[in-house]
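Down below is the structure, laid out as structure tokens.
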Amino acid sequence: MSNFAFNNPAFQQQDPRNVATYPGSSQGTYAPPPAPGAAAGTASFQHAGMDAAANAQLEGMYSAPPAGAIETDRMTVEDTIWKTAGLFGILLVTAVLGWVWTASSFMNTGRAEMTPWIVGALGGFVLAMIITFTSRKKVRPALIWTYAAFEGLFVGAISAFFEIVWPGVVIQATLATIAVVGVTLALFASGKVRASAKMTKIVMIAMFGYMAFSVLNLILMWTGVLPGDQAFGLYSAEIAGIPLGLIIGVLVVFMAAYSLVMDFDQIQQGVRNGAPRKYGWLGAFGIMVTVVWLYVEILRILAILRGND
707 MSNFAFNNPA
717 FQQQDPRNVA
727 TYPGSSQGTY
737 APPPAPGAAA
747 GTASFQHAGM
757 DAAANAQLEG
767 MYSAPPAGAI
777 ETDRMTVEDT
787 IWKTAGLFGI
797 LLVTAVLGWV
807 WTASSFMNTG
817 RAEMTPWIVG
827 ALGGFVLAMI
837 ITFTSRKKVR
847 PALIWTYAAF
857 EGLFVGAISA
867 FFEIVWPGVV
877 IQATLATIAV
887 VGVTLALFAS
897 GKVRASAKMT
907 KIVMIAMFGY
917 MAFSVLNLIL
927 MWTGVLPGDQ
937 AFGLYSAEIA
947 GIPLGLIIGV
957 LVVFMAAYSL
967 VMDFDQIQQG
977 VRNGAPRKYG
987 WLGAFGIMVT
997 VVWLYVEILR
1007 ILAILRGND
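Here the sequence shown stands for residues 707 to 1015, numbered as in the working numbering.
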């Protein structure tokens, strides 16, 4: 798997012989327990006919709609979607704070304040690591909500900075991100796109390579090795007249889209495993990690394009 958020046994494929049957999972069927006297009524029916009231109660019991995540306390796709929407709601609230903070500092001093950007990025990174390494023992929704708040601060601040330098780029990046996520989800839901073991290995190798490239780029920029006119460091270098950032960016968008496919697949696996409902928060967290990564990469691609106009 590529998304560290799903590094948990609840999302890993298990031997069907060892998978427990949980209420609401694909291995079991949930029905409310029979009311007192129902068993006796059934026995009476076999011998002399069931009482009409007990018969009506039994029919109503089995014609009732399937139990949901709350009744079964098991993870479902629908419940995970609602949790994901809630996290993005938190992200949007703090993103507004980060945007206003950065834009106000620029209007007052002529330079964009970097504090919300740095605080959001570092806070989000630290919390992501804590959530990942502690989720095997216990899922803590409060930590995931706090992570969403820090990510929002980061996204809002970086978006404001890019908008100041390249007006209009944020709405373009937002629409492009929604389009990629929507198309990926539609293809996955239709069954036309699925994660495969071979492709997953290729994407994981590429992601580790990209991570090393990004770290090297940051070091070279911070140490002043790269020229000051290269706003994105190594990304600003050109190959045959094409910015390296554009070539890498297209590949990274593909990796992020495929990572979304793996996220959806592992959420379904968690549902099939009958994972407890609280693990839906981990699924929502994993999707948020991927979508924010996708948005930032698209934002950088558009900025590089605008910088070369």
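Yeah, the Cβ is synthetic: ideal placement off N, Cα and C, and Gly gets one too.
Since residue i and residue j are thought to touch, with beta carbons under 8 Å apart, how far apart are those beta carbons, to the nearest angstrom?
i	j	result
Val959	Leu1000	7 Å
Gly804	Val861	7 Å
Leu940	Ile850	Not quite, the Cβ-Cβ distance comes to about 33 Å (not below 8 Å), so this is no contact.
Gly858	Val799	6 Å
Trp872	Arg1012	4 Å
Val875	Phe867	At roughly 10 Å, the Cβ-Cβ gap does not stay under 8 Å, so Val875 and Phe867 are not in contact.
Met961	Ala903	Wrong, their Cβ atoms sit about 16 Å apart, outside the cutoff.
Distance check for residue j and residue i, CA to CA, integer angstroms please.
i	j	result
Thr996	Ile824	19 Å
Ala981	Trp987	11 Å
Thr880	Asp779	35 Å
Ile1016	Gly992	The shown model of the chain, from 707 to 1015, leaves out residue 1016, and the question about it has no answer.
Met905	Ser965	11 Å
Thr808	Tyr985	35 Å
Ile837	Ala990	12 Å
Met835	Met927	25 Å
Ser816	Leu950	The sequence given here has Gly at residue 816, not Ser. About 30 Å.
Ala882	Phe856	23 Å
Gly781	Ala854	It should be noted that the sequence gives Met, not Gly, for residue 781. When rounded, the distance between both Cα atoms is 20 Å.
Thr790	Met994	7 Å
Asp971	Val977	10 Å
Ala863	Phe812	11 Å
Phe839	Gly947	44 Å
Lys843	Met968	23 Å
Ser896	Gln974	14 Å
Ser841	Ile945	43 Å
Phe938	Asn814	26 Å
Asn923	Ala963	23 Å
Reducing DSSP to helix, strand and coil, say where residue i ends up.
i	result
Arg978	helix
Arg1012	helix
Arg842	coil
Arg983	coil
Arg1006	helix
Glu819	coil
Val998	helix
Let me know if residue i comes out buried or exposed under the rule of 16 or more other beta-carbons within 10 Å of its beta-carbon.
i	result
Val909	buried
Arg983	buried
Ile954	buried
Lys898	exposed
Ala1009	buried
Pro822	buried
Ala943	exposed
Ile884	exposed
Val956	exposed
Ile877	exposed
Asn979	buried
Any heavy atom of the ligand PLP closer than 8 Å to the CB of residue i?
i	result
Val871	No copy of the ligand PLP occurs in the structure displayed, which carries no ligand at all.
Query raised in the report: Counting only runs that start and end within the segment 870-923, where is the alpha helix (DSSP H) found for 4 or more residues in a row?
Result: 875-896
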